[in-house]
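Undergrad: In the numbering used here, the protein residues as written are 353 to 570.
All C-beta atoms in this analysis are idealised placements derived from N, C-alpha and C, irrespective of residue type, glycine included.
All figures in this text were calculated on a predicted structure; none of them were measured in a lab.
The structure follows.
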Amino acid sequence: MRITFNVLAIIACSSIVALVLAAEHPVASVSADAALAKLKEGNLRFASSDVSQSKPTAARRAETAQAQHPFAIVLGCADSRTAPEIVFDQNIGDLFVVRTAGNLVDEHALGSIEYAVDHLGARLIVVLGHTRCGAVTAALASDTAPGHVQSLVRDIQPAVKAAKGKDGNVTDLTVAENARLMAAKIRNEASLGEFAKEVRIISGVYDLDTGKVEWAKD
Ligand SMILES: [Zn+2]
């Protein structure tokens, strides 16, 4: 009996420790692989025009008003045709989205991603480029641009170089390279600490014509 009691006491204590730890560092809202499956299913619904009819709902707004548990982080282009919530057929509260023209990763983007992993429990990070990206097209045309657009064309140059000499449409190749390089940058520079081993980082390209996302190998 004493042994049983001790075992129970240990289990009870570890449950309390687990609860305390969970409060400080939320467990994954959804595992990275399950999150990717949800995004693929959602994109299939969107591309086949079979999107959910009831979104976003007031009920979902109420449900998420006090706390958020997004199941994935998406770094996408600011392009008005590529809203991740729409192309993945998701609701408010589902995706933690960071958008810059050319889906470029800067300090603010890294900080936002780290926050979503550490505090919100997201474990999948997607970098989403798209066909006919204006920022990539500008970077292919010139490595200089007026004002702060310069920072965009400058930071896309590594992708321009990586795509050079490859067979295929140069814009499509550069878009894919840029998304892949940004995923690598997150992998190398984001401080994910103890969560790094649970996190999956993958890039993809959204096709403006078909509505489908083509995924790269991560
Ligand atoms: Zn774009």
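1) Let me know the secondary structure DSSP gives Arg412 once reduced to three states.
2) With distances taken between CB atoms, is the gap from Lys392 to Asn443 smaller than 7 Å?
3) Please return the same chain residues whose Cβ sits closer than 6 Å to the Cβ of Leu544, not counting the five positions on each side in sequence.
4) Confirm the yes/no value for this check: CB of Ala435, any heavy atom of ligand 1, distance under 6 Å.
5) Roughly how many angstroms lie between the CA atoms of Thr496 and Val512, to the nearest whole one?
6) Within 10 Å of its beta-carbon, does Lys569 have 16 or more other beta-carbons around it, so buried, or fewer, so exposed?
7) In terms of DSSP beta bridges, what is Ser555 paired with?
8) Mapping the DSSP letters down to three states, classify Ala417 as helix, strand or coil.
9) Looking only at its chain, what residues have a beta carbon closer than 6 Å to the beta carbon of Arg532, apart from the 5 residues adjacent to it on each side?
10) I'd like to know whether the C-beta atoms of Thr452 and Ala430 end up nearer to each other than 7 Å.
11) What ranges does the alpha helix (DSSP H) occupy inside the region 422-497, keeping only unbroken runs of at least 4 residues that lie completely in it?
12) Within this structure, are the beta carbons of Gly394 and Phe448 separated by less than 7 Å?
13) Closer than 6 Å: is that where the CB of Ala414 sits relative to any heavy atom of ligand 1?
14) Out of Gln418, Glu459, Glu437, which has the shortest C-alpha to C-alpha gap to Glu541?
15) Could you tell me the alpha carbon to alpha carbon distance between Ala399 and Tyr558, rounded to whole angstroms?
16) Between the beta-carbon of Val488 and the beta-carbon of Thr434, is there less than 7 Å?
17) Give the DSSP-derived three-state secondary structure of Glu566 in the structure shown.
TA: Based on what the coordinates show:
1) helix
2) no
3) Val469, Val551
4) no
5) 13 Å
6) exposed
7) Val479
8) coil
9) Ser555, Ala568
10) yes
11) 436-439, 459-472, 486-493
12) no
13) no
14) Glu459
15) 10 Å
16) no
17) strand
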